[in-house]
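Under the working numbering, residues 456 to 658 are what the sequence shown spells out, in order.
Virtual Cβ for every residue (Gly too), placed ideally from N, Cα, C.
Being a predicted model, the structure only gives us computed values, none of them experimental.
For reference, the structure discussed in these notes is given below.
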Amino acid sequence: MTTNIAVLVSGRGSNLQSVIDNIESGYIRDARIAVVISDVGDAYALERARKHGITDVFIDPSDYASKHEYEKEMMEVLKDNDTDLILLAGYMRLIGKELIVAYRNRIINIHPALLPSFKGLHAQQQAFDYGVKVSGCTVHFVDEGMDTGPIILQRCVTVLDTDTADDLAARILIEEHRILPEAVRLFVEGKLKVEGRIVVHIN
Ligand code: GRF
456 MTTNIAVLVS GRGSNLQSVI DNIESGYIRD ARIAVVISDV GDAYALERAR KHGITDVFID
516 PSDYASKHEY EKEMMEVLKD NDTDLILLAG YMRLIGKELI VAYRNRIINI HPALLPSFKG
576 LHAQQQAFDY GVKVSGCTVH FVDEGMDTGP IILQRCVTVL DTDTADDLAA RILIEEHRIL
636 PEAVRLFVEG KLKVEGRIVV HIN
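The structure is reproduced here in structure tokens:
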């Protein structure tokens, strides 16, 4: 059976691209991106979706009286596309409770730091400013907290003496493009089991 994936985006969509490429190459099997949804009308991610013949939807939050109403509309789009898995790939909003409950352990986020350190925005800059010697990225299921859900995969990146924050972010991004597709593949193959806040990888 094919897993229908919805990808939520707000910006350039390089992580979306990594999933598209890994589906097209056959690394991720039995899955398709059913829809890409953006809260930003001119997000380049929407263009990427169109280039690959994927349905793209812009939902303008300012058209809705509340976050609840906005997410109700999003829920409709998710249902219309028979969504099995939601990926947050550079989606810059917190997900509301109803959506989390409806898709418990079926929403995956990519974060550019080694959680639980450096949650929230500009994580690469936060890590750089703190002076850590190692940072990286995390793929996790989304729960009610901000960047707090059960961790699926993490990858380390060494901070070099010569690095600027941008250099570090660029090297972290390379790893993001590896672990997000890897996590999607594990999910699609039914190899992830959530026990409390521990994600067990089934062989
Ligand atoms: C990535 O660094 C991701 O970890 C973070 O937002 C950025 C999105 O980049 N959540 P892109 O839109 O996937 O290129």
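A straight-line Cα-Cα distance of about 12 Å links A520 and E528. With three or more CB-CB distances shorter than 8 Å, the stretch 529–547 counts as touching the stretch 456–475. Taking the C-beta atoms as reference points, A638 is found no nearer than 7 Å to V597. When DSSP assignments are scanned along the stretch 538–573, the uninterrupted stretches of alpha helix (DSSP H) that are 4 or more residues long and fall wholly within it turn out to be 552–557. Residues of the same chain with a CB within less than 7 Å of the CB of Y525, apart from the 5 flanking positions on each side, are I514, P516 and Y519 in chain order. By the neighbour-count criterion, in which a residue is buried when 16 or more other Cβ atoms sit within 10 angstroms of its Cβ, P571 is exposed.
7 Å or more divides the Cβ of N564 from the Cβ of A489. A residue is called buried once 16 or more other Cβ atoms fall within 10 Å of its Cβ, and N477 is buried on that count. The beta carbon of L501 sits closer than 6 Å to those of S493 and D511, all from its chain and outside the five residues before and after it, given in chain order. H656 and R640 have their C-alpha atoms roughly 12 Å apart. Rounded to whole angstroms, the separation of the alpha carbons of Q609 and L569 is 7 Å.
C-alpha of L628 to C-alpha of D622: approximately 10 Å in a straight line.
Check the Cα spacing between E479 and each of R467, M456 and I509: the tightest is with I509. Closest in alpha carbon position to L549, among P636, Q472, G604 and G651, is G604. G591 is the residue among E553, G591 and N560 whose C-alpha sits nearest the C-alpha of A625.
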